[in-house]
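This report refers to the structure that appears directly beneath it.
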Amino acid sequence: MMKRPGFNQIIIIVFYLTLCIFLVGFNLSKPRVLVIHSYDPDYSWVGDVNKGINEVLGKKPLSVKYFYLDIRRHPDTGYMTNAGIAARNLVNKWKPGVIIAVDDEAQMLVGKYFVNHPSINIVFAGVEGILEEYGYDSAVNVTGIFEKIQLDALRDTMVQILPEGRRRIAHISDASQPALFSGGEINSYTWKPLELKDSTRCRTFDDWKKAVLQAQDNADILLLTDYHSIRRSPTDKSIVPPREIIQWTEQNSRLPGISYREAYVEDGGMMAVCASPLEQGRAAAEMALEIVEKGVKPLDIFFRENRLYIVHIRESGVKSHHITMPGMLEAFARATGHYY
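Read in order, the letters of the sequence shown are residues 7 to 346 in our numbering.
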């Protein structure tokens with residue numbers, strides 16, 4: 007025969023039930039921030055943006071969720087459409103007070119659908135494109151930080167590593183939307199004392215190979231930017247692994263390469279001068295905090311432009327291309343843990 011619970015046991019049970027109800031209610035009442043990344047969590051840029059976000063929001067009484075659209079590895083239209091629908095469904099179900107949307111695809115697939123929403127605010131980060139594309143230019147619930155290519159730093163770096171008389175640039179990228187935006191900036195920039203000889207957008211791996219080989223006689227350095235949506239061939243729509251593209255380039259090009267994407271060096275490239283992902287994450291999180299903690303309206307928070315950059319260097323690439331790397335650049339890369 008079962009014993010009836012004693013008075014002390016009843017008190018303990020009631021205490022734990024009350025505690026559980028309190029904790030559930032507390033968590034439900036916490037302000038919600040949904041971070042939507044355009045890319046995958048394994049991409050170093052994404053990881054460093056998250057570090058910046060966590061530095062600001064990590065110890066705050068907030069509910070923070072992350073969603074990864076994974077567009078970099080799946081750039082086909084069908085996948086992008088479904089990923090956008092999944093993300094928007096999560097927004098409508100979870101109802102965050104703020105969406106931190108990172109990189110342009112997150113704005114295109116998610117952010118623009120919540121412009122002027124009465125209870126959901128948008129903080130963008132990593133945006134290279136034009137705000138009008140997403141309806142952000144006239145929105146009352148949107149603020150954020152741009153990711154502008156650090157063109158001055160990129161130019162100054164190339165001036166330091168290239169001798170006079172050998173300062174011709176060949177720019178090569180894929181045909182993605184981010185490449186279209188960045189290509190416009192690169193083509194309109196004043197590169198003097200360097201010279202931009204060519205700018206080529208590639209759809210297939212053969213297109214890429216052709217552009218690299220043609221540059222050998224027309225340039226002194228390759229500016230390799232976006233290359234994560236290169237197709238295997240016109241008939242094979244599969245995406246060529248980014249590392250394979252850079253490894254082929256290193257094996258078949260006598261020219262040094264540089265990029266403004268940190269993944270380029272991780273994939274085997276020589277050097278990158280890129281916007282700081284930590285700055286992007288911190289700034290976006292600070293804006294989100296102003297909205298959910300202080301009640302500041304996004305319309306009253308000024309847009310920001312990135313100011314910081316980081317340098318990534320691969321020693322083997324420097325040696326194979328016989329580059330004399332300035333001590334300050336090497337020290338900068340070593341100090342930030344980006345010397346490979």
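All residues carry an ideal CB built from backbone N, CA and C; glycine is no exception.
With respect to alanine 225, lysine 198 sits apart: the two C-beta atoms are not nearer than 8 Å. Per DSSP, the unbroken alpha helix (DSSP H) holding glutamate 299 starts and ends at 283–300. By the CB criterion at 8 Å, proline 37 and leucine 68 fall inside the cutoff. Taking C-beta atoms as the reference points, valine 165 and valine 298 fail to come closer than 8 Å. In the three-state reduction of the DSSP assignment, leucine 68 falls in the coil class, being assigned neither a helical nor a strand state.
Residue pairing by DSSP places valine 41 opposite Tyr72 and Ile106 in a beta bridge. Straight-line measurement puts the Cα of methionine 331 at about 13 Å from the Cα of isoleucine 264. Annotation: the continuous beta strand (DSSP E) that includes glutamate 201 extends over 201–208.
Between threonine 255 and valine 218, the C-beta gap is smaller than 8 Å, which places the two residues in contact. Check the Cα spacing between proline 304 and each of Ser179, Leu229, Val146 and Ile329: the tightest is with Val146.
One alpha carbon belongs to asparagine 312, the other to serine 179, and they sit about 23 Å apart.
Closest in C-alpha terms to histidine 177, from the list Ala221, Val317 and Asn56, comes Ala221.
Note on arginine 249: under 16 other CB atoms within 10 angstroms of its CB, so exposed under the neighbour-count rule. Glutamate 134 sits in coil when the DSSP states are folded into three classes, being neither helix nor strand. Contact check between the region 312–329 and the region 81–98: fewer than three CB pairs, one atom from each, fall below 8 Å, which does not count as touching.
With contacts defined as CB atoms closer than 8 Å, isoleucine 227 and proline 262 qualify as a contacting pair.
DSSP, reduced to helix, strand and coil, places serine 50 within a helical segment of the structure shown. The beta carbon of isoleucine 307 sits closer than 7 Å to those of Thr149, Met293 and Glu296, all from its chain and outside the five residues before and after it, given in chain order. Phenylalanine 152 is bridged by DSSP to Val133 and Glu311.
Out of Met114, Ala269 and Gln253, the CA that lies nearest to the CA of threonine 231 is found in Ala269. According to the DSSP secondary-structure assignment, serine 179 is paired through a beta bridge with Arg207. Isoleucine 227: member of the beta strand (DSSP E) spanning 227–230, first to last residue. Under DSSP, no beta-bridge partner is assigned to alanine 159.
DSSP places isoleucine 245 in no alpha helix (DSSP H); its state is neither H nor E. A Cβ-Cβ contact shorter than 8 Å links glutamate 111 with leucine 75.
Annotated as proximal: phenylalanine 152 and valine 133, with beta-carbon spacing under 8 Å. The C-alpha of glutamate 139 lies about 15 Å from the C-alpha of serine 182. About 18 Å separates the CB atoms of arginine 94 and tyrosine 45; that is not less than 8 Å, and the two are not in contact.
Beta-carbon to beta-carbon, valine 271 and alanine 281 are separated by about 14 Å, too far to satisfy the 8 Å threshold.
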